[in-house]
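Residue numbers (this note's numbering), protein chains in the order written: chain Y, 1 to 258; chain X, 1001 to 1258. Just so you know, even glycine gets a beta-carbon here, dropped at the ideal spot from N, CA and C.
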DNA sequence: TTGACAGCGTTCGCAAAGCGAACATTGTTG
DNA sequence: CAACAATGTTCGCTTTGCGAACGCTGTCAA
């Protein structure tokens, strides 16, 4: 009861339960109650009630002492995707450009100090590396998508956003100095696109361009490919393709109210 | 406290909050508090607390008096998709077969008396009609996917499942007699595939085959296309393609523990 | 073998969280 | 503009759910 008193309008039990649902991510597909409690920073008994409630609601499956998400959570995302007509207005555009560029195209935004993938084109010869999908989180600091997103924020917010995340060394090439990363972000802001090389995955170059209009919540499109023989030619071709894709998404006002 | 006493292990506030989150679907992208309360069958004050909590947690956005889902809900689905390696084990297979068949391929399962789309390939020339995505719900009774799913259940369960849903007449061809629909389901079970014609969308034929092994929770793959000049030839080609796709998914054990 | 221990899931009395009738506020109709 | 209808918000009473405490199970060292 200090300064931040509990708001009578907020249901704390509900908030805690949501935290339980949110701890399930790529690294930990199934967990015990104690693990959930630890990850969500809650008492074991509290986590237990939340988990059991989720089981009853059908969002969680209990298998012995392990708990894991059920496909029903997809329905929650489905509500969002349909509300924003992703199936009609976003996915076809991504697919078409992906086809023309012969590369997988991803749409992303910021979420809690990470990059949240909103949609992904699907094309045959995609060099599948991690197998990210819509809803996946990827790092902010060492990906072209992340830096382009930061570039869409006012400078001080970008610095703040970067400060919130930790900076693991994914590869030898990963920049670890926040100032150096902010330099690259500034560069991306100035030139209207972002390139990264080998900072997240060795040998892979990332490309990203903004989709949202200045002032809106930043949305970006990007792609990644193994570094080829003529990096400059590749970059020019792919960035041109991404710019066309981004322009078309803007035109369709597909991402204006995110 | 009559017979159905409240379980001490279940957090009712949390369950009610989840119900609020779940009312957002394709038909109602944004709602007022009163509408949410009505749809979730809760008191307005209760719905309000749930909604405000969701706003604070970042899953809902408040815009005047309208509330709508934010992209963060995608992260919940992302947890499931990554846990089950959809990006690596399912999506590529669907994409490859879709490419070969030159048609959009969908993976689906049962959820609350409807068909829940789990994943969807995307090809260029897809005749985009509704713009469904992963997480979308489609009707159970009048789609080939739905009937094939019912065929994967024991007969009495299929009948029960069908009884739960209402049977709107989407088109003139929609079967409205439950017994007639169960006949088709039985047929699908017997022959190992399901065809429907114009029952959901006029002029569109749907094709579906089972993916899950007998006894598991039913999972099916399917596709749909405008009825062409040689329906039999189309059916043979598409069903063959779907069977190959389904076999490969089974082989990869991609959907065994759903 | 056994005692001590660490980690897990589960219980229960008490504090506080949230339910919903009642109220305030805003839009709508005759 | 008065009467109404529908929405958003408050507050006292009750129910819910918090977390210390418990029992159980597997693990390690003496």
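Notebook entry, point to check: Near residue 1113/X, which residues of its chain fall below 8 angstroms by C-beta distance, leaving aside the five closest residues on each side in sequence?
Noted result: Position 113 of the second chain, counted from the start, is the residue given in the question as residue 1113/X. Cβ within range, chain order: 1140, 1161, 1164 and 1165.
Checklist line | When 1079/X, 1120/X, 1217/X and 1110/X are compared against residue 1094/X, the one with the closest alpha-carbon | finding: Residue 1094/X sits at position 94 when you count from the first residue of the second chain. Per the Cα distances, 1120/X.
Check: Three or more C-beta pairs closer than 8 angstroms, one from the stretch 36-50 of chain Y and one from the stretch 6-24 of chain Y: is that the case here?
Finding: yes
Notebook entry, point to check: For the stretch 211-241 of chain Y, which segments carrying the beta strand (DSSP E) assignment without a break, of at least 3 residues, lie completely within its bounds, in sequence order?
Noted result: Under the rule that a run must span 3 or more residues, the beta strand (DSSP E) segments found entirely inside the stretch 211-241 of chain Y read 219-226.
Checklist line | Beta-carbon gap between residue 1225/X and residue 1185/X smaller than 8 angstroms | finding: Position 225 of the second chain holds residue 1225/X. Position 185 of the second chain holds residue 1185/X. Taking 8 angstroms as the Cβ cut-off, residue 1225/X and residue 1185/X do not qualify as a contacting pair.
Margin query: For a contact defined as C-beta to C-beta under 7 angstroms, what are the partners of residue 1259/X on chain Y?
Written below: Residue 1259/X lies beyond the stretch modelled for chain X, which goes from 1001 to 1258, so this question has no answer here.
Note to self: Could you compute how far the alpha carbon of residue 1004/X sits from the alpha carbon of residue 1010/X?
What the structure shows: Along the second chain, read from residue 1 onward, the residue named residue 1004/X stands at position 4. Along the second chain, read from residue 1 onward, the residue named residue 1010/X stands at position 10. Low confidence applies here, because residue 1004/X scores a pLDDT of 37, under 50, leaving its location unreliable; read the following figure in that light. Cα to Cα, the separation comes out at about 13 angstroms.
Checklist line | Contacts of residue 32/Y in chain X (Cβ-Cβ under 9 angstroms) | finding: Along the first chain, one-based indexing puts residue 32/Y at 32. At a beta-carbon threshold of 9 angstroms, none of the residues of chain X lie near residue 32/Y; the nearest stands roughly 15 angstroms away.
Notebook entry, point to check: Counting pairs of beta carbons, one from the stretch 1051-1062 of chain X and one from the stretch 44-51 of chain Y, are three or more of them closer than 8 angstroms?
Noted result: No contact exists between the stretch 1051-1062 of chain X and the stretch 44-51 of chain Y.
Notebook entry, point to check: According to DSSP, what are the bridge partners of residue 169/Y?
Noted result: Here residue 169/Y refers to the residue found at position 169 of the first chain. DSSP lists no partner for residue 169/Y.
Notebook entry, point to check: Relative to the C-alpha of residue 152/Y, which residue among 219/Y, 64/Y and 232/Y is closest?
Noted result: In the first chain, the residue the question calls residue 152/Y occupies position 152. Measuring from the Cα of residue 152/Y, the nearest candidate turns out to be 219/Y.
Notebook entry, point to check: Would a check of beta-carbon distances place residue 1244/X closer than 8 angstroms to chain Y?
Noted result: The count along the second chain starts at 1 and reaches residue 1244/X at position 244. Answer no: the Cβ-Cβ gap between residue 1244/X and chain Y never drops below 8 angstroms.
Check: So, is residue 1092/X buried or exposed, given that buried needs 16 or more other C-beta atoms within 10 angstroms?
Finding: Counting from one through the second chain, the residue named residue 1092/X turns up at place 92. Under this definition residue 1092/X is a buried residue.
Next item on the list: With DSSP as the reference, label residue 140/Y as helix, strand or coil.
Entry: The residue given as residue 140/Y occupies position 140 in the first chain. Residue 140/Y: coil per DSSP, three-state reduction.
Check: For the stretch 141-149 of chain Y against the stretch 189-208 of chain Y, are there 3 or more C-beta pairs whose distance is under 8 angstroms?
Finding: yes
Notebook entry, point to check: First and last residue of the beta strand (DSSP E) that includes residue 1197/X?
Noted result: On the second chain, position 197 is the one that residue 1197/X refers to. Looking at the DSSP string, the run of the beta strand (DSSP E) that includes residue 1197/X is 1194-1197.
Check: Is residue 47/Y close to chain X, meaning its C-beta is less than 8 angstroms from at least one C-beta of that chain?
Finding: By 1-based counting over the first chain, the position of residue 47/Y is 47. Not one chain X Cβ lies under 8 angstroms of residue 47/Y.
Check: For residue 1085/X, which residues from the same chain have a beta carbon less than 8 angstroms from its beta carbon, with the 5 sequence-adjacent residues on both sides left out?
Finding: To locate residue 1085/X, count along the second chain from 1; it is residue 85. Excluding positions up to five away in sequence, the list reads 1254.
Next item on the list: Report the option in 177/Y, 64/Y, 148/Y and 116/Y whose CA atom is closest to the CA atom of residue 135/Y.
Entry: As a first step, residue 135/Y is located in the first chain; it is residue number 135 there, counting from the start. If we check each option's Cα against that of residue 135/Y, 116/Y comes out closest.
Checklist line | residue 204/Y to residue 62/Y span [Cα, whole Å] | finding: Along the first chain, read from residue 1 onward, the residue named residue 204/Y stands at position 204. Along the first chain, read from residue 1 onward, the residue named residue 62/Y stands at position 62. The alpha-carbon atoms of residue 204/Y and residue 62/Y are separated by roughly 39 angstroms.
Notebook entry, point to check: Nearest CA to the CA of residue 239/Y: which residue from 216/Y, 210/Y, 214/Y and 217/Y?
Noted result: By 1-based counting over the first chain, the position of residue 239/Y is 239. The residue with the shortest Cα to Cα distance from residue 239/Y is 210/Y.
Checklist line | DSSP three-state assignment for residue 105/Y, whether helix, strand or coil | finding: Here residue 105/Y refers to the residue found at position 105 of the first chain. The answer is coil: DSSP assigns residue 105/Y none of H, G, I, E or B.
Note to self: Here's a check: name, in chain order, each residue in its chain whose Cβ is nearer than 6 angstroms to the Cβ of residue 1065/X, leaving out the five neighbours to either side.
What the structure shows: By 1-based counting over the second chain, the position of residue 1065/X is 65. Excluding five sequence positions before and after residue 1065/X, the CB atoms of its chain that fall closer than 6 angstroms to its own CB belong to 1032, given in chain order.
Check: Can you pull the DSSP bridge partners for residue 1119/X?
Finding: In the second chain, the residue the question calls residue 1119/X occupies position 119. DSSP, once it has assigned bridges, lists 1107/X as partnering residue 1119/X.
Checklist line | Beta carbon of residue 28/Y nearer than 8 angstroms to that of residue 1087/X | finding: In the first chain, counting from the first residue as 1, residue 28/Y sits at position 28. In the second chain, counting from the first residue as 1, residue 1087/X sits at position 87. No, the pair does not count as a contact, with Cβ atoms beyond the cut-off.
Notebook entry, point to check: Going along the chain, which residues of its own chain have a beta-carbon closer than 6 angstroms to the beta-carbon of residue 1155/X, five neighbours each way excluded?
Noted result: Residue numbering aside, residue 1155/X sits at position 155 when the second chain is read from its first letter. Here the set comprises nothing.
Note to self: At the level of alpha carbons, what is the spacing between residue 1096/X and residue 138/Y?
What the structure shows: Taking the first residue of the second chain as position 1, residue 1096/X is located at position 96. Taking the first residue of the first chain as position 1, residue 138/Y is located at position 138. When rounded, the distance between both Cα atoms is 25 angstroms.
Notebook entry, point to check: Taking 8 angstroms as the CB-CB cut-off, is residue 1251/X touching chain Y?
Noted result: Counted from its first residue, the second chain places residue 1251/X at position 251. Judged by the 8 angstroms Cβ criterion, residue 1251/X is not in contact with chain Y.
Check: Looking at the structure shown, is residue 60/Y part of a helix, part of a strand, or coil, going by DSSP?
Finding: Taking the first residue of the first chain as position 1, residue 60/Y is located at position 60. In the structure shown, residue 60/Y sits in a strand (DSSP, three-state: E or B).
Check: Looking at the C-beta of residue 1203/X, does it have a partner C-beta in chain Y at a distance below 8 angstroms?
Finding: For the purposes of this step, residue 1203/X is taken as the residue at position 203 of the second chain. So, not an interface residue.
Check: According to the neighbour-count rule (16 or more other Cβ atoms, all chains shown, within 10 Å of its Cβ), is residue 247/Y buried or exposed?
Finding: Along the first chain, read from residue 1 onward, the residue named residue 247/Y stands at position 247. Exposed, by the Cβ-count rule.
Next item on the list: Helix, strand or coil for residue 1002/X, going by three-state DSSP, please let me know.
Entry: Locating residue 1002/X in the second chain gives position 2, counting from the first residue. With a pLDDT of 31 at residue 1002/X, under the threshold of 50, the modelled position of that residue is not reliable, and no figure is offered here.
Next item on the list: Assign residue 1036/X to one of three DSSP states: helix, strand, or coil.
Entry: Here residue 1036/X is taken as the residue at index 36 of the second chain, counted from 1. Helix.
Next item on the list: Enumerate in chain order the residues of its own chain whose CB-to-CB distance from residue 169/Y is below 8 angstroms, with the five nearest sequence positions on each side excluded.
Entry: Here residue 169/Y refers to the residue found at position 169 when the first chain is read from its first residue. Cβ neighbours of residue 169/Y beyond the five flanking positions: 176.
Next item on the list: Mind listing the chain X neighbours of residue 109/Y? Cutoff is C-beta to C-beta under 9 angstroms, in chain order.
Entry: Translated into positions along the first chain, residue 109/Y becomes position 109. Correct list: 1071.
Note to self: DSSP three-state label for residue 1114/X, please.
What the structure shows: One-based indexing of the second chain puts residue 1114/X at position 114. Here residue 1114/X sits in strand by DSSP.
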